[in-house]
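Residue numbers (the working numbering): 12 to 480. All C-beta atoms in this analysis are idealised placements derived from N, C-alpha and C, irrespective of residue type, glycine included. All values derive from a computational prediction rather than experimental measurement. Let me begin by presenting the structure, written as structure tokens, before commenting on it.
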């Protein structure tokens with residue numbers, strides 16, 4: 012891996028969909044950089060601090076959410092003098108997003124009073140009353156022709172189907188939920204999944220014409236669904252819940268065909284590779300090395316400044332089952348307990364998916380859907396903050412708010428040291444090509460270029476552990 016120097020950021024950062032540019036929020040300024048050189052391509056000044064950044068799907072426009080105003084400003088990459096401002100007045104703006112055609116913007120007002128579709132072509136706008144959520148509850152078909160928008164009126168949840176061409180309502184149907192939490196089109200646009208709030212386990216599959224194809228209830232009298240994710244191929248639907256399990260449904264009968272549990276102990280027989288992060292101290296013989304007093308003090312000062320003790324390095328040690336994973340007991344007298352499947356995401360080839368059980372925050376589980384078994388567990392020293400699959404191959408990268416980056420592929424796992432002082436990764440994103448990573452610290456960011464994939468020969472060695480690169 013090759014790392015760039017660190018650059019300042021004070022808010023959201025994201026790659027353009029075509030992978031050529033990087034948008035960075037620095038207070039009220041929008042900085043657009045070239046991905047290869049990181050040179051500044053465009054610099055725009057907003058009227059207030061930027062809370063949200065969102066590229067148009069065609070990478071031509073950039074949306075800046077200024078929620079303190081509240082206002083949305085839109086900029087054009089090819090026409091720097093072109094400007095657009097969207098102001099909802101007293102209704103406010105809680106969230107904004109692009110439509111698939113890159114020429115319309117959907118804003119949700121405060122208190123979910125209405126959702127407004129704004130046109131950049133003819134300045135027309137369309138209103139949808141009583142959207143259920145601000146940032147959730149809206150899903151577009153993969154071909155970009157239709158939108159499913161959840162609304163609530165008279166204590167009942169509804170799904171509204173709108174045409175993304177004319178923005179006319181094509182149909183409305185009620186859904187059998189107590190408090191709808193989310194909606195998502197299937198990747199093949201043939202079905203819509205909705206699920207209920209955490210107070211009730213209920214997953215419903217609807218056809219676009221409003222027919223209920225399947226109702227799934229795994230259990231009763233307990234906290235329910237926490238995460239839902241379609242596989243990219245559209246054949247599987249994974250549902251993570253508060254009972255620390257993931258259940259997968261197939262797209263033919265909508266029945267569950269596998270249940271993946273997250274036990275605190277991994278016992279034999281198990282085919283899973285277990286990687287544990289351990290310290291890897293420098294192996295240097297300092298017995299005959301004499302340093303001046305001033306140089307020794309300087310070394311100690313640099314070491315304290317960089318937040319390292321003795322040159323902090325880590326590596327993975329391969330463990331054998333049985334092994335007990337560190338876990339936390341959730342607090343029962345507070346809402347939203349840290350328990351259950353809080354992170355769930357599929358690889359681009361739909362072969363694997365990873366999970367994080369929130370009451371075991373230092374463990375990342377990787378499951379093989381073809382073999383219906385646990386493929387690997389990575390046990391970290393610190394809680395996992397963010398994880399993301401390579402968009403083009405089954406390669407997973409994640410971070411733990413440390414100066415290290417962690418990577419897993421089917422051939423093994425490795426730890427990578429980030430050669431920047433005081434840089435601790437709290438978030439990361441891939442570009443669309445899968446050859447560049449955006450790494451975010453609290454107030455800075457850098458990019459990492461992948462020179463080569465994880466060497467295959469490392470997987471053939473008996474000891475799969477890797478040291479820092």
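Straight across, the Cα-Cα distance linking residue 347 with residue 213 is about 18 Å. Following the DSSP letters along the chain, one finds residue 85 inside the beta strand (DSSP E) bounded by residues 82-87. By the neighbour-count criterion, in which 16 or more other beta carbons inside 10 Å mark a residue as buried, residue 409 falls on the buried side. When DSSP states are grouped into helix, strand and coil, residue 99 belongs to the coil group. Across the set 33, 327 and 37, the C-alpha of 33 shows the shortest separation from the C-alpha of residue 50. Per the coordinates, the alpha-carbon of residue 208 lies some 8 Å from the alpha-carbon of residue 188.
The continuous stretches of beta strand (DSSP E) do not include residue 179, and DSSP gives it neither H nor E. Here residue 75 is not near residue 88, since their CB atoms are 8 Å or more apart. Secondary structure note for residue 363: its beta strand (DSSP E) is the uninterrupted segment 363-368.
As the crow flies, the alpha-carbon of residue 180 is around 42 Å from that of residue 375. When the Cα atoms are used, residue 337 and residue 457 turn out to be separated by approximately 31 Å. Taking the Cα of residue 156 as reference, the smallest distance to any Cα among 166, 146, 173 and 435 is reached at 173. For residue 287, the number of other beta carbons within 10 angstroms of its own is at least 16, and it is reported as buried. If you look at residue 164, you'll find it in the beta strand (DSSP E) that goes 157-164. The alpha carbon of residue 199 has as its nearest neighbour, out of 241, 365 and 225, the alpha carbon of 241.
For residue 330, the enclosing beta strand (DSSP E) begins and ends at 325-330.
Below 8 Å, enough C-beta pairs join the segment 37-50 and the segment 20-28 to call them touching: three or more. A check of alpha carbon separations from residue 455 across 115, 438 and 357 identifies 438 as the nearest.
Listed as beta-bridge partners of residue 108 by DSSP are 117.
Per DSSP, residue 123 is not a residue of any beta strand (DSSP E), being assigned neither H nor E.
Annotated as proximal: residue 145 and residue 123, with beta-carbon spacing under 8 Å. Each residue's CA atom was taken as its position, placing residue 79 and residue 290 some 44 Å apart.
For the pair residue 434 and residue 452, the Cα-to-Cα distance works out to about 6 Å. For the pair residue 96 and residue 128, the Cα-to-Cα distance works out to about 14 Å.
Residues 359, 441, 443 and 445 of the same chain have their beta carbon placed closer than 7 Å to that of residue 402, with the five preceding and five following residues left out of the count. Secondary structure of residue 211 (DSSP, three-state): coil.
The way I'd put it, the segment 388-398 doesn't touch the segment 262-273; fewer than three beta-carbon pairs between them come closer than 8 Å. Secondary structure of residue 168 (DSSP, three-state): strand. Within 10 angstroms of the beta-carbon of residue 278 lie fewer than 16 other beta-carbons, which makes it exposed.
Residue pairing by DSSP places residue 34 opposite 25 and 43 in a beta bridge.
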